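Have a look at the structure below before the remarks.
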Amino acid sequence: MNSSLGQDVPLSWYLLLSALLFTLGVVGFLIKRNLITVFMSIELMLNAVNLSFVTFAHEWHAVKGQIFVFFVMMVAAAEAAVGLAIIIAVFRARATLAVDRIDLMKL
Amino acid sequence: MNAIFHLWLIPLLPFAGFLLNGLFGRRLPKAVVTAIALLAPLAAFALVLIAVSSLLGPADGPSPLPFVETCSHPWIDIGTLHIDFSFVLDELSLVMLLVVTGVGFLIHVYSVGYMKHEEGYARYFSYLNLFLFFMTVLVLAGNALLMFVGWEGVGLASYLLIGFYFQKTSAANAGKKAFIVNRIGDFGFLIGMFLLLANFGTLTFSEIAEKLAYPSWQGGVVTVIALCLLLGAAGKSAQLPLYIWLPDAMEGPTPVSALIHAATMVTAGVYMIARTHVLFDHSPFALGVVAVVGAATALFAATIGLVQNDIKRVLAYSTISQLGYMFLGCGVAAYSAAIFHLVTHAFFKALLFLAAGSVIHAIGGEQDLRKMGGLWKKLPVTFAVTTVGVLAIAGFPPFAGFFSKDAILYAAFAQGGSGRALWFVGLVTALLTSFYMFRLWYLTFLGKPRNEDVHPHESPFSMLAPLVILALLSICGGWIGIERFSAFLTPATGARAMEAGSAQLELTLSVLAVAVAALGWLIAYLFYREKSALPARSAAALPGGYKLLANKYYVDEIYGATVVKPLLGLSTYFLGWVVDTGLLGGAVWLLGGIATFAGALLQRWQSGNIRSYAAWLAAGAAAVLLFLVVPWPAVLASLSAIHLGGAGH
């Protein structure tokens, strides 16, 4: 089944890379203070998932995974536009982008 | 019956009047309110008259009664329990309907004049119409449950009207007292209904009568049912020991006392016994209890009535006493005599109450007999009609009361044995009745005015017209005679009608009754006309007896000490403090405390910090992943193997 992938690179490596990138995204999301970096971490997680989608799609000759990637990219683009707009609005209002300062919801 | 005649219209019309006046009465002009209030009972009365006229039509052919009208949709249909909305028009309910709607209409007319200057004019008439609605439902009901609806409804209307002047504490309390005492009676009625359902499987009167036709039903459970129903009747009809609410009910407007607490509602108990007479017929013991309760109440209330000074209270005790007569009549199985007395009593007692209202109206709200006197010159019409009423209730021929009271006394005497004792009690009561009624008559109308400050004026036409009509009925109402009346009622009240006894015995008893009434008049004359010092002297001669009577045998005080106080204590201390504040309040506080505490703990999660939320999210995702990826059965099996191995070692 894995004949279509390159002989040198087994399937698990792709998945490991994807998991690594996703973990990087999670850790970045959790530890970074800057809102833009946090936002970029989210994008990183999305693309890590995209990588695994593409891998499986290629592995199983299923075009659904590819299509799903397009969807994710499209949503990510939209989300980036909205997210950046929110970030700018937050910066204008509070003159800071430190996530732990943006805590209006706290009691 | 003709095709367009519908029984359900009779209750429905007063109900429409109640809705219109109750909902919009305050915004409508007084004339419209009056028109609605009067048209509703008038139309109902007209419908009853149509029913009567169809009876009088072709004499040959089968009798159109009983006429049953059942709603096509069942009311309650659960398993074997099947109850319909059914109205029954038979001889008994026809007589009652005539009284209720006829006297009811007259009292509506009277109220227009009496309540003219009162606050809450529309409210008053909407309640009055509501009463008529429930009373007609009670009378027409074809089964005990529907009767109970009317029964409770008239209780409600009575409560609302007793407490009509609700700003007055005494009126509000009297309303509550009436309602609560009636609950005791209703409890009996309810238990009786449950027993009927359990033993006969039906509440329909005609079906109960059919099932009771088998002679095996005798005593036992039938006695218990009859006694339960008697408790209900005693509550509604103010018999011993539940009579205490009726004197206090005089706090309501006087026309209400006339309509509800003299002529119609309080006779519902008598009607109920007559309606369920088959049960009583199968239980001589229950019948005996009815007779004894009636006779005892008649005598007891009459003795209290001797010394009351409030004109309406005298009439109230007299009502209780006369209701006792009706119970006595039922108790000797002379149902038609009891109903006959019910009808004549409705005429003359409504008349007396309305006349008393006219007197009270004329002298500016004064109700104390000692402050009246000499009013006959100022209130000639009221005086004349009151005289008729007094003669009727005292039992002088040819007034209505003579015929009906005589019928009951004769029925009691004719029963023989203990019936003779009951007859004697009835005779003594007749003496007392005559005395206190003439006492009222002398104190109110004759002698010199004892209060010169008031300037009495005769009542308006709208009040006098009903008085005159009722006076005519009080004169002629008895002329139909018990034989014809009882023959008419026989299909509804059973064959145990009045047997024709010896004419000589009947005549002797009648003469005796009239003689006793005349004696009562004579004593009253001596006491209150001839020697005005006599009442004070006789009261001084028997200070204990007078005090006992003036304080109504201290029954209210005894009930207060034995029933009300303990109940109030139980409610305040045990139910109020322990159960309500302690248990229920404590439980609520405990639940609230738990919620508050849990909230304080969980609040920490809601840090408002995005990163902490994200960390929880990641941890949750990791936990789910762990759960899905790890092969738990294998892990657990290996773990337990280690554990067992360790134990076995």
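Sequences listed follow chains D and R, in order.
To get our numbering, take the position in the first sequence, counting from 1, and add 255.
To get our numbering, take the position in the second sequence, counting from 1, and add 11.
Just so it is clear, CB atoms sit at the ideal spot from N, CA and C, and this is done for glycine as well.
Here the structure is a predicted model, which means the values were calculated and not measured.
> Can you tell me the Cα-Cα spacing of residue 411 of chain R and residue 493 of chain R, whole angstroms?
Replying inline: 11 Å
> Between the stretch 621 to 650 of chain R and chain D, which residues of the former have a C-beta closer than 8 Å to a C-beta of the latter?
Replying inline: 621, 622, 625, 626, 629
> Since residue 284 of chain D meets chain R, which of its residues come closer than 7 Å, beta carbon to beta carbon?
Replying inline: 625
> CA-CA distance, residue 354 of chain D and residue 584 of chain R?
Replying inline: 60 Å
> Quick one: Cα of residue 92 of chain R to Cα of residue 20 of chain R, how far?
Replying inline: 27 Å
> By the criterion of Cβ-Cβ separation under 7 Å, what are the contact partners of residue 281 of chain D in chain R?
Replying inline: 629
>> Checking 7 Å against the spacing of the C-beta atoms, do residue 672 of chain R and residue 277 of chain R come in under that value?
In response: Outside the displayed span of chain R (12 to 660) sits residue 672 of chain R, for which this structure offers no information.
> Apart from the five residues on each side of it in sequence, which residues of its chain come closer than 8 Å, Cβ to Cβ, to residue 290 of chain R?
Replying inline: 219, 223, 233, 236, 237, 240, 297
> How would you call residue 508 of chain R, buried or exposed, if buried means at least 16 neighbouring beta carbons within 10 angstroms?
Replying inline: Residue confidence for residue 508 of chain R is low, a pLDDT of 46 falling below 50, so the modelled location carries little weight; the figure read from the coordinates is stated next. Per the 10 Å Cβ criterion, buried.
> At what residues does the alpha helix (DSSP H) containing residue 275 of chain R begin and finish?
Replying inline: Unbroken run through residue 275 of chain R: none, as it is neither H nor E.
>> Determine, for residue 345 of chain D, whether the minimum Cβ-Cβ distance to residues of chain R falls below 7 Å.
In response: no
>> Tell me which residue opens and which closes the alpha helix (DSSP H) that residue 109 of chain R is part of.
In response: 102 to 125
> Are any of the Cβ atoms in chain R nearer than 7 Å to that of residue 354 of chain D?
Replying inline: yes
> Where residue 457 of chain R and residue 158 of chain R are concerned, what is the direct C-alpha to C-alpha distance, given to the nearest angstrom?
Replying inline: 45 Å
> Would the beta-carbon of residue 400 of chain R fall within 7 Å of that of residue 362 of chain R?
Replying inline: yes
> Just reading off the beta strand (DSSP E) that residue 92 of chain R is part of, what are its end residues?
Replying inline: 92 to 94
> In terms of alpha-carbon separation, which member of R:460, R:554, R:372, R:427 lies closest to residue 299 of chain R?
Replying inline: R:427
>> Quick check on this structure: which residue in D:343, D:268, D:285, D:304 has the alpha carbon closest to the alpha carbon of residue 324 of chain D?
In response: D:304
> Identify the residues that DSSP records as bridge partners of residue 353 of chain D: which are they?
Replying inline: D:289
> Does the beta-carbon distance from residue 189 of chain R to residue 202 of chain R come in below 7 Å?
Replying inline: no
> Using a C-beta cutoff of 7 Å, does residue 652 of chain R count as contacting chain D?
Replying inline: no
> To the nearest whole angstrom, what separates the beta carbons of residue 328 of chain R and residue 345 of chain R, a pair I think is in contact under 8 Å?
Replying inline: With 8 Å as the limit, residue 328 of chain R and residue 345 of chain R do not qualify as a contact, their Cβ atoms being about 24 Å apart.
> If you draw a straight line from the C-alpha of residue 126 of chain R to the C-alpha of residue 142 of chain R, how long is it?
Replying inline: 17 Å
>> For residue 319 of chain R, tell me which candidate among R:160, R:451, R:433 has the shortest Cα-Cα distance.
In response: R:451
> Using the C-alpha atoms, what's the distance from residue 460 of chain R back to residue 65 of chain R?
Replying inline: 52 Å
>> Going by the DSSP bridge assignment, what does residue 302 of chain D pair with across the sheet?
In response: In the DSSP output, where bridge partners are listed per residue, residue 302 of chain D has none listed.
>> For a quick check, are the C-beta atoms of residue 156 of chain R and residue 214 of chain R less than 7 Å apart?
In response: yes
>> Please return the same chain residues whose Cβ sits closer than 6 Å to the Cβ of residue 122 of chain R, not counting the five positions on each side in sequence.
In response: 266
> Between which two residues does the beta strand (DSSP E) containing residue 494 of chain R stretch?
Replying inline: That residue, residue 494 of chain R, is in no beta strand (DSSP E); its alpha helix (DSSP H) goes 493 to 504.
>> Checking 7 Å against the spacing of the C-beta atoms, do residue 304 of chain R and residue 353 of chain R come in under that value?
In response: no
> How long is the line joining the alpha carbons of residue 662 of chain R and residue 261 of chain R, rounded to whole angstroms?
Replying inline: Nothing can be reported for residue 662 of chain R: it is not among the residues displayed for chain R, which extend from 12 to 660.
> Quick one, are the C-beta atoms of residue 349 of chain R and residue 433 of chain R less than 7 Å apart?
Replying inline: no
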